[in-house]
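Below is one structure; the comments refer to it alone.
Protein chains in written order, with the working numbering: chain W, 3 to 330; chain B, 3 to 330; chain C, 3 to 330; chain L, 3 to 330.
Here it is in structure tokens:
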């Protein structure tokens, strides 16, 4: 028989991303809509262990849909990786009468939820919140679209100065394991080359490409590099290497860094967060557990946690080809 | 036997939208990539009639991927609606040796292309460029994503002042026939009510909703109204009606207007434009004609013009439900 | 003998403007720095009458320096215009043990403070917060610089579409009595004509200018109009008049409206707010009262309230000349 | 007797800054207004030597007032530092019939102009264009205001993520010799500490301040560091030092870098550029030479080049005090 859900908790976990607040708001309001009590947990799993809960109603989340960061804070918890830590967390949830939770985070956060569910048969649901878009089971994670815009706008500014001075810029964007950000930002910013973790084009190809670019009359160039690019050199070494081998270029480096994680979410991310929060809570209500909500073909969908954390979010090969054509 | 395409023309037609320049750039560079000559036509079909062409190579389109508007200008042409006008246009294209064209625009522009294709068996391909997202055969038109962000950012600013003063704002956004912009912007901006052309919720329901909103402790409210909302009153009349019936509110109106058409395109729109340009030119190369390129399930796809112009771009009913839940 | 100030209240009054929160933060933190208790008053003079006070310490104002609007809300109070209302306000302040207040607002708010000071010999200090920059005794009011950027960015977007279509846009910006916003925004946005309350250039001159503009090869034009322009027609009538008399133009209107009041303050406004808050509190501490703090020649300065409210904030005639030259 | 100026050249030199295009536009249009021919010189002094000139009229500069970078490109010229190089430049100017020039740049560019004027008695005028605001004789250089906003907006985003995670961020902003950017950005972004080249507060004071900040209940902190801060350690070493000595903080670094040089200029910078261009050209017309135009007390003013390059642009000590109070 279906156990009725009466109290749902929501929290954010792992690296923060724009849209997390909109996600919290949606979970809280969907609970209110269905007359379910809702609690916010501060600082992710660590706050769960410590019982750092706060009751939230529809008005608790006003004015946050457009705010970056997360009002519930985020943290990584070593203690939750231990059986003892998870037991403490379970006890704290029980003590507060909480029946189920929604975790907004990435791979690691979902793995934690999955284990917790196995150990205590506790209903859990996940919302993918990370700028990297590296999660299987959704075409878009919360914050990804915003991060693309943030990076592209920053590179637009850098290109102003690059083209005033005939310079070559190496610009590092986020994305340690997958090249979604680099590839889309590279195409969006009109980069001459894009280096991603999925492909090793080799340094020779890079030099060739930059030489062709120069020969074709381009006076300045931008190379977008993912943090974890396959060439394996960090962006400063890359810049040095190119400067040594191409005297004709004045080379500069810019690491966009943490600003990509912040900022007011785009309309897309706000709407996505609103949809995901509804789907997460209503899935719990109908008795589902251990799933991640996601966007597939523009429709809300569920993916079992074990698939979400094992699966690979693949790069769009068509887009790599588009990128090659655009840089002619 | 397949006629080889040697010279392709590209132009923008109808209302402009962010991403049109990125689309032009993509068409031009894809032509260059395939060693096809490319011509830009100024001022849409009118410029075609007048032979207002300019040869473009890969470097002609540098520095435009991030610019709003269209470097080729746009216009509506009465003359092209006549058989004589179209004959002139055909002669001008032939004289310049142009084999095929790519039109970036909306419904009306595609109808023109379709008729032109029927009359002269001239290869044509379309890229959907309009902020309204009202075209069948693509989940996203060029400029739509940018317009959503522009509108949401403007409403964020208005909400600052609304909530400082406990005011009720009626904000009109674009979208004469379909409510895509209003619905997404409304959810993204956290609007209390959203009025769209597809639904007549009635004035009573609006008043009820605002009263509940007030009763639930909200001190300020934002109502997003599509230009062509079903209630049929324009936004100023609506505001007057509410002010007369709800003395507790100080009501203000803001019409966002044409700023929604401009601005630097979002990363999404730049990438979409790049993909669409490649698809359009390469479809012409393989002998296709009379199609619109579009995005379906995140994949580039073709839709015959007659379906594109006859079909309806439907509102997402799930999102209407999400909107209702969010405004509790 | 100097009465020692022990408890200072701060509030915002009249129309809100970006930077008000940064001003509140500065007053609160300067009080904390000098070991003075600080109270926030909600909803301006009306909240003062109702005793709607809240004790604030340095941490109460964290995270607000970059937020538009005012966390203390603003309101207009009819009751405070009566002697009885002001007596109630005085009693409420006395009951709470408040010794002095800082009001952030415009002309009307300062007049209220001045009368209150005369009636009850109560120490008061003013910070000019309004986007209109219409206050004597400071070269910049809080929010003015931000509003200029907001308006210019909106017009940049409109110009994208104007120049794609060879259109003429009439754009109304705020500024009922003085043309500071219109003049600066007009120059900053490269407007062809600027209509301000201080000057009646006449409709004939406007038509002449637009005709010259067209003749000189400009394909699109933007005319910036202050709300209270001297020609006296509202922006829609102006547009109709021009369209009737210049068939060659397709005319459009955009009223920027309330979005100009909101948004995250510019760096300039945040710094100005910080400086003004310090000056206001430290002036009260040394026994001054009945002054407005202001920026003169980049230095913090005091102007007696009676001069601030009577004086005129004059338009920069050099800038009118610059505008004429730029539109050649 | 006054030699009549008939042909004026304009160019940008040294590091680029937002507003340079608006400055070029103003010089070109002011020339047109006074019926003086105007030439643009590409790539600064190097282009002058090479005779890389282009005639510009009022329409040549349309649509650039809001663009970052410089359409005339910029460069540093070693050759111009030699007498032979300058002679070549003089010959090229004479050959083109150019009577006078306006240089938009910084200290180094003005020194070049001053020497050139001495050697050839050639009329020269300077417009201060640099984001660093490090030039004597003007309260604001072109681009400074824009760079402040760019940096503050980037730090706002970083703070979102900092406060979600209780992190300490060291953020490096531009300003090698003077701390104007760091000081204003630090106050504007609500930084807990600001390290500038003018002051050596010492590492101990920094640790003390961060400890107090933590003790006072702040969960995250931002330290803004000028490139050339007096402590002398670069921002990465600083971060390491603090992390070693304050285990309670997770420390991160962000170098804002070249994005601060680009972007669309603020309204202030556009207006300033327009005023400076008018003043520069009209000063040449009345026979002045060897001056830099500048803003003093909101009025356009002239400063002899030798004073401009020798003088020091001093930090505002009041603002340092404001900063101390704000971080309580």
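Where a beta carbon is used, it is the ideal one built from N, C-alpha and C, also for glycine.
Bear in mind the structure is a predicted one, so any value in this text is a computation, not a measurement.
In whole angstroms, what separates the C-alpha of residue i from that of residue j?
i: residue 244 of chain B; j: residue 13 of chain L; result: 58 Å
i: residue 259 of chain C; j: residue 173 of chain C; result: 10 Å
i: residue 159 of chain W; j: residue 211 of chain C; result: 35 Å
i: residue 63 of chain C; j: residue 228 of chain L; result: 26 Å
i: residue 198 of chain L; j: residue 144 of chain C; result: 26 Å
i: residue 21 of chain C; j: residue 70 of chain C; result: 7 Å
i: residue 1 of chain W; j: residue 194 of chain B; result: Any answer about residue 1 of chain W is impossible in this case: the structure gives chain W only from 3 up to 330.
i: residue 217 of chain L; j: residue 251 of chain L; result: 12 Å
i: residue 118 of chain L; j: residue 127 of chain L; result: 11 Å
i: residue 327 of chain L; j: residue 265 of chain B; result: 40 Å
i: residue 256 of chain L; j: residue 215 of chain L; result: 20 Å
i: residue 150 of chain B; j: residue 156 of chain L; result: 22 Å
i: residue 316 of chain W; j: residue 231 of chain W; result: 15 Å
Using the Cβ count rule (16 or more neighbours within 10 Å means buried), how would you classify residue i?
i: residue 140 of chain W; result: buried
i: residue 23 of chain C; result: buried
i: residue 88 of chain B; result: buried
i: residue 202 of chain B; result: exposed
i: residue 301 of chain B; result: exposed
i: residue 85 of chain B; result: exposed
i: residue 104 of chain L; result: buried
i: residue 270 of chain L; result: buried
i: residue 1 of chain C; result: The question about residue 1 of chain C has no answer here: the residues shown for chain C are numbered 3 through 330.
i: residue 162 of chain B; result: buried
i: residue 6 of chain L; result: exposed
i: residue 299 of chain L; result: exposed
i: residue 200 of chain C; result: buried
i: residue 314 of chain L; result: exposed
Check the Cβ-Cβ distances between residue i and every residue of chain E, and say whether any is below 7 Å.
i: residue 150 of chain B; result: Any reference to chain E falls outside this structure, whose protein chains are W, B, C and L.
With a threshold of 6 Å on Cβ separation, who are the neighbours of residue i within its own chain once the five nearest residues in sequence on each side are excluded?
i: residue 56 of chain W; result: 42
Within a Cβ cutoff of 7 Å, which residues of the same chain sit near residue i, ignoring the five residues on either side of it in sequence?
i: residue 308 of chain L; result: 116
i: residue 196 of chain W; result: 184, 185, 188, 226, 325
i: residue 54 of chain B; result: 43, 44, 45
i: residue 109 of chain B; result: 137, 311
i: residue 306 of chain W; result: 292, 293
From the DSSP secondary-structure annotation, give me the bridge partner or partners of residue i.
i: residue 171 of chain C; result: C/224, C/254
i: residue 40 of chain C; result: C/10, C/58
i: residue 113 of chain L; result: For residue 113 of chain L, which the question treats as bridged, DSSP gives no partner whatsoever.
i: residue 137 of chain B; result: Residue 137 of chain B pairs with nothing; no bridge assigned.
i: residue 305 of chain W; result: W/294
i: residue 144 of chain W; result: W/131
i: residue 102 of chain B; result: B/10
Starting from the C-beta of residue i, find all residues in its chain whose C-beta is less than 8 Å away, skip the five residues before and the five after it, and write them out in chain order.
i: residue 90 of chain W; result: 51, 81
i: residue 207 of chain L; result: none
For the region 221 to 234 of chain C, list every residue whose C-beta sits within 7 Å of some C-beta in chain B, in sequence order. none
Residues in the region 59 to 85 of chain C with C-beta within 8 Å of chain B's C-beta atoms, listed in sequence order? 69, 70, 71, 72, 75, 76, 77
Any C-beta of chain B within less than 9 Å: which residues of the region 126 to 138 of chain W qualify? none
Could you please tell me which residues of the region 173 to 203 of chain L, in chain order, have their CB closer than 8 Å to any CB of chain C? 186, 187, 189, 190, 191, 192
Taking Cβ-Cβ distances below 9 Å as the criterion, which residues of the region 285 to 312 of chain L are in contact with chain C? 298, 299, 300, 301, 302
The region 22 to 54 of chain B: which residues have C-beta closer than 7 Å to a C-beta of chain W, in chain order? 28, 31, 32, 34, 35
Could you name the residues of the region 271 to 284 of chain B whose beta carbon sits closer than 8 Å to any beta carbon of chain W, in the order they occur along the chain? 272, 273, 276, 277, 280
Interface positions of the region 249 to 274 of chain B facing chain C (Cβ-Cβ less than 7 Å), listed along the chain: 254, 256, 257, 259, 260, 261, 263, 264, 265
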